[in-house]
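Please read the structure below before turning to the comments.
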Amino acid sequence: MNKFDGVANTLFVPLVARINISKKFPEYFMDEKALELEKYLPQGADKGSSEYSNMASVARYYNMDKTVTAFAKSYAESNIVYLGAGLETAYDRLSDKIENRTVHWYEADLPEVIEARKKVFGQRKNETLIAGDMFKLEWVKEIDNSLPTLLIVSGVFQYFHEEEIIAFIKGCGKAFPKGEMLFDATSESGLKFTNWFIKRTGNASAIMYFGINDSKEFANKCSMELLEEKTFFPEALKMLGKKLSFVTKVSMKVAEKKKQVIILRLKLN
Numbered sequence: 001m002n003k004f005d006g007v008a009n010t011l012f013v014p015l016v017a018r019i020n021i022s023k024k025f026p027e028y029f030m031d032e033k034a035l036e037l038e039k040y041l042p043q044g045a046d047k048g049s050s051e052y053s054n055m056a057s058v059a060r061y062y063n064m065d066k067t068v069t070a071f072a073k074s075y076a077e078s079n080i081v082y083l084g085a086g087l088e089t090a091y092d093r094l095s096d097k098i099e100n101r102t103v104h105w106y107e108a109d110l111p112e113v114i115e116a117r118k119k120v121f122g123q124r125k126n127e128t129l130i131a132g133d134m135f136k137l138e139w140v141k142e143i144d145n146s147l148p149t150l151l152i153v154s155g156v157f158q159y160f161h162e163e164e165i166i167a168f169i170k171g172c173g174k175a176f177p178k179g180e181m182l183f184d185a186t187s188e189s190g191l192k193f194t195n196w197f198i199k200r201t202g203n204a205s206a207i208m209y210f211g212i213n214d215s216k217e218f219a220n221k222c223s224m225e226l227l228e229e230k231t232f233f234p235e236a237l238k239m240l241g242k243k244l245s246f247v248t249k250v251s252m253k254v255a256e257k258k259k260q261v262i263i264l265r266l267k268l269n
């Protein structure tokens, strides 16, 4: 049986991006686990992908990986929690880089996605899979909230509405007194391009709704402290230089100038 039987097509988009960029620009990003999984991809999984869309997806991982690693190294023991995890391979990319620390890894997603993860990845040391709707917050019962906890929400919030997201973040704040949240967001103008790309990939039902134009204003709406805001591409532009196509480079520079894609880190309490 194919390991990806029953997996929604939308879950393949970021995996395909990690595979493509690991092959094309390994000096920027390398995901060996993603490359191992390539043979299981269904035909046409890369439909609609482009160099820019792949770079936009992978730049999110590149930047988030740095924050996750730094957070875990800051504490003797901590929780790293990926919400809406999909086919995330951060455990494989990062666990060996965090030495002399106890890190409890969690991935939470809908039951069908967790079943797919079990087939694809199996059970690993210090890793817990949690099935359920992340917005219902039942998953918090599975995690020791006395430990410093970093919640990572990667490529998820865009599909929901602002009021749902604010309520969710406030709920996480109550659940994790030593918590932080790391997530990406698109500006409202950036959503127009992103939704055009989604339709190209044949996933017209996965339209995005949520955008952020002002990070501090959004943090205030959540009654949270904004610890950090990053744009996606500064290091990618610096490292890859002339290797990127003209169209990709221009698109990345426009996204940087207009802050169309950003990563936010909030202190939950």
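According to my numbering, the residues represented by the sequence shown are 1 to 269, in order.
Where is the CB? At the ideal position from N, CA and C, for every residue including glycine.
For clarity, every value in this text was computed on a predicted model and none was experimentally measured.
Proximity below 9 Å, CB of Glu-188 to CB of Gly-211: Locating residue 188 in the sequence shown gives position 188, counting from the first residue. Locating residue 211 in the sequence shown gives position 211, counting from the first residue. Yes; because the gap between Cβ atoms is below 9 Å, this pair is in contact.
DSSP bridge partner residues for Phe-183 (one or two, in chain order): By one-based count along the sequence shown, residue 183 stands at place 183. Its beta-bridge partners are Val-153, Leu-264.
Ile-19 versus Asp-214: straight-line alpha-carbon distance, rounded: Within the sequence shown, the letter at position 19 stands for residue 19. Within the sequence shown, the letter at position 214 stands for residue 214. Those two C-alpha atoms are separated by around 32 Å.
Exposure of Leu-266, with buried meaning 16 or more beta-carbon neighbours within 10 Å: Sequence index remark: in the sequence shown, residue 266 carries index 266 (1-based). Buried, because 16 or more other Cβ atoms sit within 10 Å of the Cβ of Leu-266.
Bounding residues of the alpha helix (DSSP H) (the contiguous stretch that carries Glu-164): As a position in the sequence shown, residue 164 is number 164, starting the count at 1. Here the alpha helix (DSSP H) through Glu-164 covers 162-175.
Which of helix, strand or coil DSSP assigns to Met-1: For the purposes of this step, residue 1 is taken as residue 1 along the sequence shown, with counting starting at 1. The predicted position of Met-1 is uncertain, since its pLDDT is 42 and thus under 50; no value can be drawn from it.
Own chain, CB closer than 6 Å to Met-1, minus 5 neighbours either side, in chain order: Stepping through the sequence shown from its first residue, residue 1 is reached at position 1. Here Met-1 scores only 42 on pLDDT, less than 50, and its place in the model should not be relied on; the value that follows carries that caveat. So no residue of the chain qualifies.
Contacting residues, own chain, Cβ-Cβ under 8 Å from Met-227 (five flanking each side not counted): Reading the sequence shown from its first residue, position 227 is the one you call residue 227. Checking the sequence, you will find Leu at residue 227 rather than Met. Closer than 8 Å at the Cβ level, and outside the excluded window around Leu-227, lie Glu-180, Arg-265, Leu-266, Lys-267.
Same chain, Cβ closer than 7 Å to His-161, five either side skipped, listed in chain order: Locating residue 161 in the sequence shown gives position 161, where the first residue counts as 1. Excluding residues within five positions, the ones whose Cβ falls inside 7 Å are Tyr-209, Phe-210.
Cβ distance (whole Å) where Val-81 is taken to contact Leu-150 below 8 Å: As a first step, residue 81 must be located in the sequence shown, where it is residue number 81. As a first step, residue 150 must be located in the sequence shown, where it is residue number 150. At roughly 7 Å, the Cβ-Cβ gap stays under 8 Å, so Val-81 and Leu-150 are in contact.
Nearest candidate by alpha-carbon position, reference Asp-65, set Phe-193, Gln-158, Ala-90: As a position in the sequence shown, residue 65 is number 65, starting the count at 1. Selected option, being the one with the closest Cα: Ala-90.
Contact set for Ser-251: own chain, Cβ-Cβ below 7 Å, skip 5 residues either direction: Position 251 of the sequence shown holds residue 251. Within the same chain, Ser-251 has close Cβ partners Tyr-52.
The alpha helix (DSSP H) enclosing Val-113, as first and last residue numbers: Against the sequence shown, residue 113 aligns to sequence position 113. Segment 111-121, the alpha helix (DSSP H) holding Val-113.
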